[in-house]
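A.B. asks: Under the working numbering, the sequence shown has 389 at position 387, and the numbering climbs by one with no breaks. We put the CB at the ideal spot given by N, CA and C, even for glycine.
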Amino acid sequence: MTNDNLQAMAAADTDELAARLNGRDDSFLRPADTAAALRTMLWKEFELSRLAFGWMPAATTYERKTRLGRFGYQHASSAKELHERIKELPGSLNETKGTPEPIRDQYERMAIAPSDVAFLISYQFLLQRLRDDYDELTARLDPVLDAPTIDRIRRATLDFGDTEAWLRHELHTAHLNGGDARMLAAWRAHVVRAWNGGAPAEWPAAWGEAAGPLPAVSASDPRFRTAPPDAASALYADPANSPLIDSVKQMIYVNATEIIAAENLAYLYGSIHRMPLAFYYDLSRHLWDEVRHSQMGVRRLQQLGFDIGDFVFFPPIRLQPDSRVEQLIDGYVSLTNVAEACSFPYKRQAAQAFWKHGDPLSAIQSEFDIADERLHVDFGAQWGPELYKQFHQEVITAQKLAEKAREFRLKRMNFSPEHIAETAKSFPAFCGVANTVHLAFENY
3 MTNDNLQAMA AADTDELAAR LNGRDDSFLR PADTAAALRT MLWKEFELSR
53 LAFGWMPAAT TYERKTRLGR FGYQHASSAK ELHERIKELP GSLNETKGTP
103 EPIRDQYERM AIAPSDVAFL ISYQFLLQRL RDDYDELTAR LDPVLDAPTI
153 DRIRRATLDF GDTEAWLRHE LHTAHLNGGD ARMLAAWRAH VVRAWNGGAP
203 AEWPAAWGEA AGPLPAVSAS DPRFRTAPPD AASALYADPA NSPLIDSVKQ
253 MIYVNATEII AAENLAYLYG SIHRMPLAFY YDLSRHLWDE VRHSQMGVRR
303 LQQLGFDIGD FVFFPPIRLQ PDSRVEQLID GYVSLTNVAE ACSFPYKRQA
353 AQAFWKHGDP LSAIQSEFDI ADERLHVDFG AQWGPELYKQ FHQEVITAQK
403 LAEKAREFRL KRMNFSPEHI AETAKSFPAF CGVANTVHLA FENY
């Protein structure tokens, strides 16, 4: 791509509003003008959600993974706020067409970085540009005529200060901990050039191999020991992986490992295009819930006196290049129709056992987990068939898709075809044989 094309792309990113106001003498915004401005802001928020989620699997510390999961959810929630206001104004939003190409290309180009610290510099830059956009738009809005828009923008920007403060602290810490100050300074200059269309379109060889977003193999925090790939399916059954295997507290360890579910959903979020925006809003909530479940597990283990090194976690995610999207969709269907759908009985029993053993915090933790999982199963029933239809060009009911997910799990467990046909149709029978989480409820 030529430098002229890049400069044109950068100019095209201004927004729809500039085109609408071209040649106008007045400085007032009509309802359709406000809608045009909000559409551009929405797509920028959406792309920032894709960037944050896309870098979550590439992050090299648990803290960065969980923060990026939170940031991705915040940007999707902000897009949803703007979307609600756009619906009230003239004009339309072509959701399934997705982000306008100039915006998407520019944000994707800005997302590529040689390390997660370098990406945080890019993200900080993009966040500041977005704040400037919001400030400029708010300054133009009539405080009476367009008060509903101002209210939505206030809610959409509520978390800006906390996000910027965390980024400043994280980048400062990176410098103090021996980060390559010269490289990071050069990266800041590269980010400015890339935004203005002056950097090469292709990944510059001088920076080495790109670490993200959406790496071929997810990164692991070195503090978290991981199981070999061939041992992942038996993670919860091996006593070597957890000192809590003969205790109801094993449920807390299970929660801690749910960061793997969040990262799988992050790959899905960044890889699936042209779905209704409601899908991304729901998926972002699902993803953030899995981050929270992991956080509450890790936090509770530490409160109980354990070190994270006492436990073994799932191995890094490895996606097959030739079946990446299909693998991610199958994983989503399996998560919502198998792992989460079958989790309610043992999670209810765990909550009851924690109350009995006098551990109210762990009990309440499981109760919130159950509430979240009900929401996720509903998400899967709504969006699983839509994802299947997009990839396979085939209409399927939620019930049939759930049966296919059960059949696939039973095949992997080497059940006979006759047993698979019988068991897959019975949800209780299937969960009875497919559940890999077994808790000693009587032992604390």
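Comparing alpha-carbon positions, which option in F417, F381, P347 and D161 lies nearest F281?
C.D. replies: As a first step, residue 281 must be located in the sequence shown, where it is residue number 279. Checking every option, the nearest Cα to that of F281 belongs to F381.
A.B. asks: Please give me, in chain order, every unbroken run of the alpha helix (DSSP H) with length at least 4 that falls completely inside the segment 179-257.
C.D. replies: Counting only runs of 4 or more, we get 183-197.
A.B. asks: Where does A61 fall in DSSP's three states?
C.D. replies: Here residue 61 refers to the residue found at position 59 of the sequence shown. If DSSP states are grouped into helix, strand and coil, A61 belongs with coil.
A.B. asks: Where does H174 land, buried or exposed, given buried means 16+ other C-beta within 10 angstroms?
C.D. replies: What you label residue 174 is simply residue 172 of the sequence shown in a count that begins at 1. So H174 counts as exposed.
A.B. asks: Hey, would you say A212 sits closer than 8 Å to A115, going by beta carbons?
C.D. replies: Against the sequence shown, residue 212 aligns to sequence position 210. Against the sequence shown, residue 115 aligns to sequence position 113. Cβ atoms of A212 and A115: closer than 8 Å.
A.B. asks: Beta-carbon separation of V439 and Y348 under 8 Å?
C.D. replies: Position 437 of the sequence shown, counted from the first residue, corresponds to residue 439. Position 346 of the sequence shown, counted from the first residue, corresponds to residue 348. Their beta carbons are under 8 Å apart, which means V439 touches Y348 by this criterion.
A.B. asks: In whole angstroms, what is the alpha-carbon distance linking D309 and F315?
C.D. replies: The residue labelled residue 309 in the question sits at position 307 within the sequence shown. The residue labelled residue 315 in the question sits at position 313 within the sequence shown. The straight-line gap from Cα to Cα measures roughly 13 Å.
A.B. asks: Would you call the CB atoms of E65 and A39 closer than 8 Å?
C.D. replies: As a first step, residue 65 must be located in the sequence shown, where it is residue number 63. As a first step, residue 39 must be located in the sequence shown, where it is residue number 37. The answer is no: Cβ separation not under 8 Å.
A.B. asks: What did DSSP end up calling F315 once you bin it into helix, strand or coil?
C.D. replies: As a first step, residue 315 must be located in the sequence shown, where it is residue number 313. Strand, per DSSP.
A.B. asks: Quick one: give me the first and last residue of the alpha helix (DSSP H) that Q304 is part of.
C.D. replies: Position 302 of the sequence shown, counted from the start, is the residue given in the question as residue 304. Where Q304 is concerned, the enclosing alpha helix (DSSP H) stretches over L279 to Q305.
A.B. asks: If we count Cβ pairs, one from each stretch, closer than 8 Å, do we get three or more for the segment 410-423 versus the segment 360-373?
C.D. replies: With a cut-off of 8 Å, the segment 360-373 and the segment 410-423 do not count as touching, because too few Cβ pairs lie within range.
A.B. asks: At which residue ranges does the segment 95-143 contain complete alpha helix (DSSP H) runs of 4 or more residues, listed in the order of the chain?
C.D. replies: Segments of the alpha helix (DSSP H) lying fully in the segment 95-143: 103-113 and 118-142.
A.B. asks: Following the continuous alpha helix (DSSP H) through C433, name the residue where it begins and the one where it ends.
C.D. replies: Position 431 of the sequence shown holds residue 433. Looking at the DSSP string, the run of the alpha helix (DSSP H) that includes C433 is F429 to A436.
A.B. asks: Tell me, which residues are paired with R320 by DSSP?
C.D. replies: Walking along the sequence shown from the start, residue 320 turns up at place 318. DSSP, once it has assigned bridges, lists V219 as partnering R320.
A.B. asks: Tell whether a beta-carbon distance below 8 Å holds between P217 and A60.
C.D. replies: In the sequence shown, the residue the question calls residue 217 occupies position 215. In the sequence shown, the residue the question calls residue 60 occupies position 58. In contact: P217 and A60 (Cβ atoms closer than 8 Å).
A.B. asks: Figure out for me which residue from L169, R170, A167 and D135 has the closest Cα to the Cα of I155.
C.D. replies: Residue mapping note: residue 155 aligns to position 153 of the sequence shown, counting from 1. When each option's Cα is compared against that of I155, the closest is D135.
A.B. asks: Given this structure, state the Cα-to-Cα distance separating H192 from L186, to the nearest angstrom.
C.D. replies: Residue numbering aside, residue 192 sits at position 190 when the sequence shown is read from its first letter. Residue numbering aside, residue 186 sits at position 184 when the sequence shown is read from its first letter. In a straight line, the C-alpha of H192 is about 10 Å away from that of L186.
A.B. asks: Just mark N266 as buried or exposed, buried being the case when its beta carbon has 16 or more other beta carbons within 10 Å.
C.D. replies: The residue you call residue 266 lines up with position 264 of the sequence shown. Burial call: buried.
A.B. asks: Measure the C-alpha to C-alpha separation of Y125 and R133 and round it to an integer number of angstroms.
C.D. replies: Here residue 125 corresponds to residue number 123 of the sequence shown, with the count starting at 1. Here residue 133 corresponds to residue number 131 of the sequence shown, with the count starting at 1. The alpha-carbon atoms of Y125 and R133 are separated by roughly 12 Å.
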